[in-house]
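Line by line, the protein sequences give chains A and B. Quick note: to get my numbering, add 900 to the position in the first sequence (first position is 1). Quick note: to get my numbering, add 900 to the position in the second sequence (first position is 1). We put the CB at the ideal spot given by N, CA and C, even for glycine. What follows is a set of notes on a single structure, which appears directly below.
2 protein chains.
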Amino acid sequence: MSERLVIGMLGCGTVGSGVLKLLMDKQALFAERAQVEIEVRKVLVRDPSRVREEWVPRELLTTDPDEIFEDPEIQIVVEVMGGVNPAKDYLMMALQSGKHVVTANKALLAQQGDDLFDAANESGAALHFEAAVAGGIPIISALKRGLVSNTLRSVYGIINGTTNYILSAMTEEGRGFEEVLAEAQAKGYAESDPTDDVEGFDAAYKLAILSSLIFNKRIDVKQIHRVGIQSVAAQDIAYAKQFGYTIKLLAIAKRTRNGLEARVNPTMIPADHPLASVNGVYNALLVQGDAVGDLMFYGRGAGQMPTASAIVSDILNIAVEIDSPPNLLMSCQHSENVAQLSAPDHVINRYYLRIQTEDKSGVLGHIGHLLGKEDISIHTLIQTKHRPGEAEIVLITHPVSEQKLRQAVAELRKLETTRRIDSIIRVEDFGQ
Amino acid sequence: MSERLVIGMLGCGTVGSGVLKLLMDKQALFAERAQVEIEVRKVLVRDPSRVREEWVPRELLTTDPDEIFEDPEIQIVVEVMGGVNPAKDYLMMALQSGKHVVTANKALLAQQGDDLFDAANESGAALHFEAAVAGGIPIISALKRGLVSNTLRSVYGIINGTTNYILSAMTEEGRGFEEVLAEAQAKGYAESDPTDDVEGFDAAYKLAILSSLIFNKRIDVKQIHRVGIQSVAAQDIAYAKQFGYTIKLLAIAKRTRNGLEARVNPTMIPADHPLASVNGVYNALLVQGDAVGDLMFYGRGAGQMPTASAIVSDILNIAVEIDSPPNLLMSCQHSENVAQLSAPDHVINRYYLRIQTEDKSGVLGHIGHLLGKEDISIHTLIQTKHRPGEAEIVLITHPVSEQKLRQAVAELRKLETTRRIDSIIRVEDFGQ
C-alpha cells in the first residue's frame, strides 16, 4: 500500500524537466523503496509555450502561483526556477504554510538562506537542498547525517564544472584562458556571460552552504574570500607542472589555529593528490573529520539527470518522514552567524609568484634580500629569459602569512628592476 | 533541552572502545546537532580484566547479558563483538524486544542477515550497519538515502584494506606475495591467520551487503563468486604495468544483459582509472546509477576511529528518529532472495593469461589457432624466454564468455607444448 504524495514544482527548465522525467519513469521503484506514489499536481512556469519537452503534460503547467500555494493537498514544493526573486518569496510562502521545500538554488541559499531556514524551523517544514552543491554527489546528506559524529575540520572542493573544464583543458593542451573559454562557450560548457562561473561566484555560493555545515554556523557568501580563474595564465600552468603541481579552482573551508577560513581561489595542489586528477566537468570534495579522517567524494557536479537524482532523492527522504516530527539532523541547527572568519592577513600558506624583472646582475640578490627581510624563505626558484633585457623569475615560498606576503609584494613592486608581478597563486598542502 | 538516550554495548575491543571514546568526548556536539544526551549504561564483555583502556569506567563493564536485554531503558544496542555467535542471538533478542540495533558485523549480516532484518521489520526496530562496509565511508547511507532515486547499475569496490595494502606494496616494490604478507603481518595490517582477508571472505561479506542494496534483493554470501589474491604473482603485476593496468582485489556487483553478477576477484583495471590509484589501507567504491552517472567514494575502510565514526553516526541517526515510525528508506524493503545470479559461465570479460610453454617454433601458431576455434581473439600478446627451452606467453583477450574461456584453457592445457598456465585474471572495463 503506497501513500499518495502531492507535490508542486516551480520551474520547468532543464533540471525541472529532468525531475519530472524521473518521477514519471520510476513510479514502481519509488513505490517499492519508499511506499509512496508521487503526483506532480502543478508546475509553475512563466510561459507554457516555452516548455519544449513534448512529454511534459500540458495540463500540469500553470502561470498562477496560487494553484500551488493555495492547494492544501500539495505537501512538497520543488523549486528549480533559479534566481533570488521571486523564488525567495515563493519558498517563504511555502515554508510559512508548512509545505516542505526541496530546492537546488545555491544563489538564494547562500545569500538569503537565513530567512528560509528560520521560516522552516518555525513551521517545522523540511528544507532540503542536496542538489544545490555538487549536483548528484550526496555530500549534504553525508555531512548532515553520515558524518554527524565528527567535528569536521575542512572541506576542499572542486565544485564548479565550468572552471574545472577550462583549467583541465589549459593543463592538457597548454592553451590560454581566453581561447579555452571561447571553446567551452561554443560547446555549451560555459555561459555566454561566464562571470558567475569564471569569477568564482558559483563556487562561493556552494562553499557558503558547505562551510555552514563544516563550521556549524551560518555564513553569508559575502564573508567568503573569492578569486576567479581569469588571471591564471598558460605560463602559470606550465610552471606548476614543472614544480609538480596542478592548478585547480578550489573552494576551501577549514578550521585553522587562527580561526575559520573560507575562500575560493585558484590553487596549486600537488600533482599526485587525488583532487589533481579530477578533470573536466567532474566535481570532487575532500572532507576531513576528526574521527573519520580523510574522505573523498567524486561525481558529476551538474547536468540534468545528476541534479534531478539529488532532487528526487530529497523528495523521497521527505516523503518517508512526512508524518514524523522534523528530523533534527536535516534541519538547520545553527542560528548564529560566523562572527568573523580568520582575516585573510593571518592565513598561512605557501605562495607561487611570477615576476618580470630587468635582466641585470644583482636582481636575484635584491629579491632574496627583500623577501628575507619579511622572513619569507624561498622553497624553489627558476629564472628564465624571454626577451632581451627582461628576465622572468618564478618562485614558491615556504609558509608565510598573507600579510607578510602582501608587504613583500608591495616592496617587490617598488624595486627599480621589477617590471610586473604577473601572478600570485596560493599553494595548498592540505593540512600536512 | 536534550533528550536522554540510553544505550547498551556488546563488546569493548578496539572498535568498541573507540565508540565509547567518541560518545564520551563529544557530548556537547551531539547535544547541539541531535539534541540528545547519550548514556552508555552497560558494556557486555567476556572478561572485564582484559579491557585495557584505562579510561573505560569499570562500572560499565558486565558479563551478564541480562543487564542489557532486561533493562527497559536501553533503547539502542550497539554490537561490536564480532563473530556470528553469540552475536546473532543477542541481536535477535534485542530486535524482538523492540530495541534498535547498530552493528558493524559484516560476517553476521552476510550469512544470517535475513533473520535479523525480518525481526527488525516485525518489531519496527531500526537495524543500522554503516560500519559493516568500508569503515568510515558513509556508503550505506548514500545507497539507501542519497541515491534512492536511482536504479543502481553497479558497484565496484576496493573494500578490503589488507589485500589492498599487499597488492599496493607488491606493485610499488615489485616484491612477491609471501614476502609482503609477512611484512603486513609484522606491521599489524594483516592477521596472523590471514585467510579471511587474503582469500576474499571479508570482501565477499561486504559485497553481499552492498549487492543486496544494488539489486534490491537479499543475497547470501554463498552466492558470491570469490577468488583471493594468494595466486597473484609478482610477474603478473609486472606484466599488468607493462600493459597499462593495475591489479586490485575488486568486489563487483552489477546488472548485466545476462542477469545479476556478484563476485570478488583479483582484477586488472586500467592504470589511469580512479580506482587504480587507491593505495594502501584506503577503500574506495565506484557506484553507477542511471540518473546520477558515476560516483566515487574514497576513505579509510577500517581502523578504530573511522569505524567508530560510522557507528556513532548510526546511533545519532536513530536517536533523532526514535519517536517516529520506522524510516522505510533505512529498513530492509526486500524479503526475496536473488533467485540466481548470472552463471559465471555467461559473464563476458576480457582475460589475462600467463602460460609457460616449450620454446618451439609453431607454439604461438598453435595457441592462436586454438583460441580462434573458440572465437577468442587476442588483444595483446608478449612472448619472452626465461629459461632455456621454455617460453612465457602472456596475452590479453578481447571480451569473451567465461564458458568459452574455460573451454579454451582446457584445450590449451592439453597442448603438448604447454607446461603450465600460471595465471588467469579478469580485465575490467567498467561497462565501457
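*For chain B, find out if any of its Cβ atoms is closer than 8 Å to the Cβ of A:Q1283; answer yes or no.*
Along the first sequence, one-based indexing puts residue 1283 of chain A at 383. Not closer than 8 Å to any Cβ of chain B, the Cβ of A:Q1283 fails to qualify, so no.
_Distance CB(A:T1280)-CB(A:L1295) smaller than 8 Å_ = On the first sequence, residue 1280 of chain A is found 380 positions in, with the first residue counted as 1. On the first sequence, residue 1295 of chain A is found 395 positions in, with the first residue counted as 1. Yes, these two residues count as a Cβ contact at 8 Å.
*Round the Cβ separation of B:S1323 and B:Y1252 to the nearest angstrom and send it over; I've been treating them as touching at under 8 Å.*
Working through the second sequence from its first residue, we reach residue 1323 of chain B at position 423. Working through the second sequence from its first residue, we reach residue 1252 of chain B at position 352. Contact holds; Cβ gap of about 7 Å.
*Below 8 Å on the Cβ atoms is my guess for B:A1025 versus B:L995; work out the distance and round it to an integer in Å.*
If you number the second sequence from 1, residue 1025 of chain B lands on position 125. If you number the second sequence from 1, residue 995 of chain B lands on position 95. Rounded, the Cβ-Cβ distance is 5 Å, consistent with contact.
*Would B:G1159 pass as a contact of B:Y1182 if the rule is Cβ separation under 8 Å?*
Here residue 1159 of chain B corresponds to residue number 259 of the second sequence, with the count starting at 1. Here residue 1182 of chain B corresponds to residue number 282 of the second sequence, with the count starting at 1. Against a cut-off of 8 Å, the Cβ pair of B:Y1182 and B:G1159 comes out as no contact.
*What is the rounded straight-line gap between the Cα of A:M993 and the Cα of A:G913?*
Here residue 993 of chain A corresponds to residue number 93 of the first sequence, with the count starting at 1. Here residue 913 of chain A corresponds to residue number 13 of the first sequence, with the count starting at 1. Near 22 Å, if we compare the C-alpha coordinates of A:G913 and A:M993.
*Go ahead and pull the three-state DSSP assignment for A:H1269.*
Your numbering for residue 1269 of chain A matches position 369 in the first sequence. Helix.
*asked:* In this structure, how does DSSP classify B:V1309 when only helix, strand and coil are distinguished?
replied: Taking the first residue of the second sequence as 1, we reach residue 1309 of chain B at position 409. Of the three classes helix, strand and coil, the one that applies to B:V1309 here is helix, per DSSP.
*asked:* Cβ closer than 8 Å: which chain B residues qualify as neighbours of A:S1054?
replied: The residue labelled residue 1054 of chain A in the question sits at position 154 within the first sequence. Neighbours of A:S1054 on chain B: none; closest Cβ ~14 Å, over 8 Å.
*Decide if the stretch 1211 to 1223 of chain A is in contact with the stretch 1218 to 1238 of chain B; the criterion is three or more beta carbon pairs, one per stretch, under 8 Å apart.*
yes
*What first and last residue would you give for the beta strand (DSSP E) that runs through A:M1070?*
Along the first sequence, read from residue 1 onward, the residue named residue 1070 of chain A stands at position 170. Counting along the chain, A:M1070 falls outside any beta strand (DSSP E), though it belongs to the alpha helix (DSSP H) covering G1061 to E1073.
_Within-8 Å CB hit, B:V1309 to chain A_ = Here the question's residue 1309 of chain B lines up with position 409 in the second sequence. Answer no: the Cβ-Cβ gap between B:V1309 and chain A never drops below 8 Å.
_Pick from A:Q1283, A:T1257 and A:V1309 that is closest to A:R1319, judged by C-alpha positions_ = To locate residue 1319 of chain A, count along the first sequence from 1; it is residue 419. Residue A:T1257 is the option with its Cα nearest to A:R1319.
*Quick one: does A:M1205 have its CB under 8 Å from some CB of chain B?*
Residue 1205 of chain A sits at position 305 when you count from the first residue of the first sequence. Chain B contact via Cβ: present.
*Residue closest to B:T1051, alpha-carbon to alpha-carbon, out of A:G1268, A:L910, A:A928 and A:L1305*: Position 151 of the second sequence, counted from the first residue, corresponds to residue 1051 of chain B. Of the candidates A:G1268, A:L910, A:A928 and A:L1305, the one whose C-alpha sits nearest the C-alpha of B:T1051 is A:A928.
*Shorter than 8 Å from the beta carbon of B:S1171 to some beta carbon of chain A?*
Position 271 of the second sequence, counted from the first residue, corresponds to residue 1171 of chain B. Per the sequence presented here, residue 1171 of chain B reads as Ala, with Ser not at that position. Answer no: the Cβ-Cβ gap between B:A1171 and chain A never drops below 8 Å.
*Do the stretch 1112 to 1128 of chain A and the stretch 1282 to 1289 of chain A make contact, defined as three or more Cβ pairs closer than 8 Å?*
no
_Can you check which of these residues, B:A1191, B:D1097, B:A1042 and B:Y1139, is closest to B:A1210 by C-alpha distance?_
Your numbering for residue 1210 of chain B matches position 310 in the second sequence. It is B:A1042.
*Contact list for A:N1116 against chain B, beta-carbon separation under 9 Å*: Position 216 of the first sequence, counted from the start, is the residue given in the question as residue 1116 of chain A. The contacting residues are L929, E932 and R933.
_Assigned secondary structure, B:M1230 (DSSP; H/G/I helix, E/B strand, else coil)_ = Along the second sequence, one-based indexing puts residue 1230 of chain B at 330. Here B:M1230 sits in coil by DSSP.
*Where A:Q1233 meets chain B, residues with beta-carbon distance less than 7 Å*: Working through the first sequence from its first residue, we reach residue 1233 of chain A at position 333. Near A:Q1233 (Cβ distances below 7 Å), the residues of chain B are E932 and R933.
*Exposed or buried, what is A:P1206 when buried is set at 16 or more other beta-carbons lying within 10 Å of its beta-carbon?*
Within the first sequence, numbered from 1, the residue matching residue 1206 of chain A stands at position 306. The residue is buried, with at least 16 neighbouring Cβ atoms inside 10 Å.
*By the criterion of Cβ-Cβ separation under 8 Å, what are the contact partners of A:A1208 in chain B?*
Stepping through the first sequence from its first residue, residue 1208 of chain A is reached at position 308. In chain order: S1049 and A1191.
_Nearest by alpha-carbon distance to B:V951: which of B:V915, B:G983 and B:I974 is it?_
Numbered from its first residue, the second sequence carries residue 951 of chain B at position 51. It is B:V915 whose Cα lies nearest to the Cα of B:V951.
*State the DSSP-derived secondary structure class of B:M992, mapped to helix, strand or coil.*
Locating residue 992 of chain B in the second sequence gives position 92, counting from the first residue. In this structure, B:M992 counts as helix in the three-state DSSP scheme.
*Can you give the beta carbon distance from B:K1148 to B:N1064, rounded, assuming they're within the 8 Å contact cut?*
The residue labelled residue 1148 of chain B in the question sits at position 248 within the second sequence. The residue labelled residue 1064 of chain B in the question sits at position 164 within the second sequence. Their Cβ separation, rounded to whole angstroms, is 7 Å, which keeps B:K1148 and B:N1064 in contact under 8 Å.
_When you compare the CB positions of B:A1084 and B:I1066, do they come within less than 8 Å of one another, or not?_
Numbered from its first residue, the second sequence carries residue 1084 of chain B at position 184. Numbered from its first residue, the second sequence carries residue 1066 of chain B at position 166. In contact: B:A1084 and B:I1066 (Cβ atoms closer than 8 Å).
*asked:* To be precise: take each residue of the stretch 938 to 958 of chain A, compare its Cβ to all Cβ atoms of chain B, and keep it if any distance is under 8 Å. Which residues remain?
replied: none
*Report the option in A:I1282, A:D1093 and A:A1308 whose CA atom is closest to the CA atom of A:E1380.*
Any property of residue 1380 of chain A remains undetermined from this structure, which presents chain A solely from 901 to 1332.
_Minimum Cβ-Cβ distance from A:L1149 to chain B less than 8 Å_ = Stepping through the first sequence from its first residue, residue 1149 of chain A is reached at position 249. For A:L1149, the answer is no, since every Cβ of chain B falls outside 8 Å of its Cβ.
*Assuming B:A1090 contacts B:T1062 (C-beta within less than 8 Å), just tell me the rounded distance between them.*
Position 190 of the second sequence, counting from 1, holds the residue named residue 1090 of chain B. Position 162 of the second sequence, counting from 1, holds the residue named residue 1062 of chain B. Their Cβ separation, rounded to whole angstroms, is 5 Å, which keeps B:A1090 and B:T1062 in contact under 8 Å.
*Taking DSSP as the reference, what is the three-state secondary structure of B:I968?*
As a working note, residue 968 of chain B is residue 68 in the second sequence. If DSSP states are grouped into helix, strand and coil, B:I968 belongs with the helices.
*What's the gap between the Cα of B:G1088 and the Cα of B:G1203?*
As a first step, residue 1088 of chain B must be located in the second sequence, where it is residue number 188. As a first step, residue 1203 of chain B must be located in the second sequence, where it is residue number 303. For B:G1088 and B:G1203, the distance between alpha carbons rounds to 11 Å.
_One or two residues paired with A:K1044 in a DSSP bridge_ = As a working mapping, residue 1044 of chain A is identified with position 144 in the first sequence. Answer is none; A:K1044 lacks a bridge partner.
*Is the distance from the Cβ of B:H1234 to the Cβ of B:K1117 below 8 Å?*
For the purposes of this step, residue 1234 of chain B is taken as residue 334 along the second sequence, with counting starting at 1. For the purposes of this step, residue 1117 of chain B is taken as residue 217 along the second sequence, with counting starting at 1. Contact: yes.
_A:A1151, DSSP secondary structure in three states_ = For the purposes of this step, residue 1151 of chain A is taken as the residue at position 251 of the first sequence. Strand, per DSSP.
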